[in-house]
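Report on the following structure.
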Amino acid sequence: MSRLGPALLWLLWRLLPRAALAGCGSALGELIFHLAPSRRRIARTNLRLCFPDRSEADIRRIIRAQFRALGRVTLLEAVSWWGSRAEVEALTRFEGMEHMTPHLGQPVIWLAPHFLGLNIGGVRVTAEFAPIVSLYSRIKNPRLDRLMLHARTRFEHGGRHSLMYSRQDGIKPVVKAIRQGLPFYYLPDMDYGARDAVFAPFFGVPAATITGLPRLARATGAVVIPAITRQEGGGFVTRFYPAWERYPTDDLDADVRRMNAFIEDRIREMPEQYFWLHKRFKTRPPGAPSLYEET
Numbered sequence: 159m160s161r162l163g164p165a166l167l168w169l170l171w172r173l174l175p176r177a178a179l180a181g182c183g184s185a186l187g188e189l190i191f192h193l194a195p196s197r198r199r200i201a202r203t204n205l206r207l208c209f210p211d212r213s214e215a216d217i218r219r220i221i222r223a224q225f226r227a228l229g230r231v232t233l234l235e236a237v238s239w240w241g242s243r244a245e246v247e248a249l250t251r252f253e254g255m256e257h258m259t260p261h262l263g264q265p266v267i268w269l270a271p272h273f274l275g276l277n278i279g280g281v282r283v284t285a286e287f288a289p290i291v292s293l294y295s296r297i298k299n300p301r302l303d304r305l306m307l308h309a310r311t312r313f314e315h316g317g318r319h320s321l322m323y324s325r326q327d328g329i330k331p332v333v334k335a336i337r338q339g340l341p342f343y344y345l346p347d348m349d350y351g352a353r354d355a356v357f358a359p360f361f362g363v364p365a366a367t368i369t370g371l372p373r374l375a376r377a378t379g380a381v382v383i384p385a386i387t388r389q390e391g392g393g394f395v396t397r398f399y400p401a402w403e404r405y406p407t408d409d410l411d412a413d414v415r416r417m418n419a420f421i422e423d424r425i426r427e428m429p430e431q432y433f434w435l436h437k438r439f440k441t442r443p444p445g446a447p448s449l450y451e452e453t
């Protein structure tokens, strides 16, 4: 399957126009929705915690839309993996460039939360602005891991490719790259455990949130510019937001709360496009019970 899956995706990408590929992705997502009850339960728990006023019917609608959107993203990843620079640029357009371009060449962190278009947006910025630097989590399947790493580093400018470090590599090479002026595409909004984290409210629920964003901004003098990728029509939009002023402060907890509050606002705009299939509240404050059913 490690060979068959990418080979089938490549074949679909070569044979189908983009609109048809997206349609197949929606159908794939609908199928997975019915075949993945454990992931549905995780998403339902997350959404009930974050949106307690929503009806069960509304929550189910969001979950179903999430799976369909995830299916589309999965198949359209083929453009990121094998498409030309022009095809990658046609798939994803930019908004808010006026907020970002004045900071190119200076220390900057692009805050990129886990909306479903995250990886597609990440490849798009490498096509435009390489070299950049980012962190990634290794995938157990070595062939798929190599393929995704290649997609994220294959574009270059002036002979310089983007730098991708695994979380096991530590943060020092990232700090060095930021200080050299490489934009850092940063994904700090998952539950990575209690280490280097504080419990900050996420939709009012204590969530283990790593403190990397304010700490890295302080260590490197980087400005923070959110970069959110959303699905829109048959493609994607990566929007850059204004650079955060007076960030970081001397209050680490307040800085982390500000990050979570910003992400909450973006989620309210498109709740079906945030990645709810992850156990965001898995790490609990001492003595607090688990919020998830056994899956």
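Taken in order, the sequence shown gives residues 159 to 453; the numbers are from this note's numbering. For each residue, glycine too, the CB sits at the ideal point set by N, CA and C.
Could you pull out every residue in the same chain whose Cβ sits closer than 7 Å to the Cβ of residue i, ignoring the five residues on either side in sequence?
| i | result |
| --- | --- |
| L435 | R197, I200 and A201 |
| P379 | The residue you asked about is not Pro; residue 379 is Gly in the sequence shown. These residues qualify, in order along the chain: P265. |
| I425 | Y432 |
Can you give the Cα-Cα distance for residue i and residue j, rounded to whole angstroms?
| i | j | result |
| --- | --- | --- |
| L449 | G279 | 31 Å |
| D413 | P372 | 6 Å |
| R388 | R282 | 13 Å |
| L193 | A223 | 15 Å |
| L233 | R219 | 22 Å |
| T396 | I421 | 15 Å |
| R206 | F361 | 11 Å |
| W402 | T250 | 24 Å |
| T453 | F191 | Note that T453 scores 49 on pLDDT, short of 50, meaning its location in the model is unreliable and no value can be drawn from it. |
| D211 | R172 | 45 Å |
Alpha carbons only, please: which of the options is nearest the one belonging to residue i?
| i | options | result |
| --- | --- | --- |
| A352 | F394, F439, I421 and T387 | F439 |
| T367 | S213, A419, L166 and P384 | A419 |
| E286 | P400, H192, R318 and G362 | R318 |
| G339 | R230, L302 and V381 | V381 |
| A515 | A165, L205 and V231 | Absent from the model: residue 515. The displayed extent of the chain is 159 to 453, so no value can be given. |
| A270 | K334, Y350 and L293 | L293 |
| G392 | G275, N204 and C208 | G275 |
| A306 | P364, W240, R404 and D423 | Note that residue 306 is Met in the sequence shown, not Ala. Here the closest residue by C-alpha is W240. |
In terms of residues, what are the limits of the beta strand (DSSP E) holding residue i?
| i | result |
| --- | --- |
| Q431 | Careful: Q431 lies outside any beta strand (DSSP E) and carries neither H nor E. |
| L293 | V291 to Y294 |
If you follow the alpha helix (DSSP H) that residue i is part of, which residue opens it and which one closes it?
| i | result |
| --- | --- |
| L302 | P300 to T311 |
| S196 | P195 to C208 |
| R442 | It is not in any alpha helix (DSSP H) - R442 carries neither H nor E in the DSSP assignment. |
With a CB to CB cut of under 6 Å and the five nearest residues on each side skipped, what residues in its chain are close to residue i?
| i | result |
| --- | --- |
| E245 | V237 |
Using a Cβ-Cβ cutoff of less than 8 Å, which residues in the same chain neighbour residue i once the five nearest sequence positions on both sides are dropped?
| i | result |
| --- | --- |
| A177 | G392 |
Open item on the list: Going residue by residue through the region 354–412, where are the continuous alpha helix (DSSP H) segments of at least 4 residues, counting only ones entirely within it?
Closed with: 370–378
- [ ] Would you list, in sequence order, the uninterrupted beta strand (DSSP E) runs of no fewer than 3 residues that lie entirely inside the region 239–273?
- [x] 250–253 and 266–269
TODO: Entirely within the region 321–352 and at least 3 residues each: give me those beta strand (DSSP E) ranges in chain order.
DONE: 321–324 and 342–344
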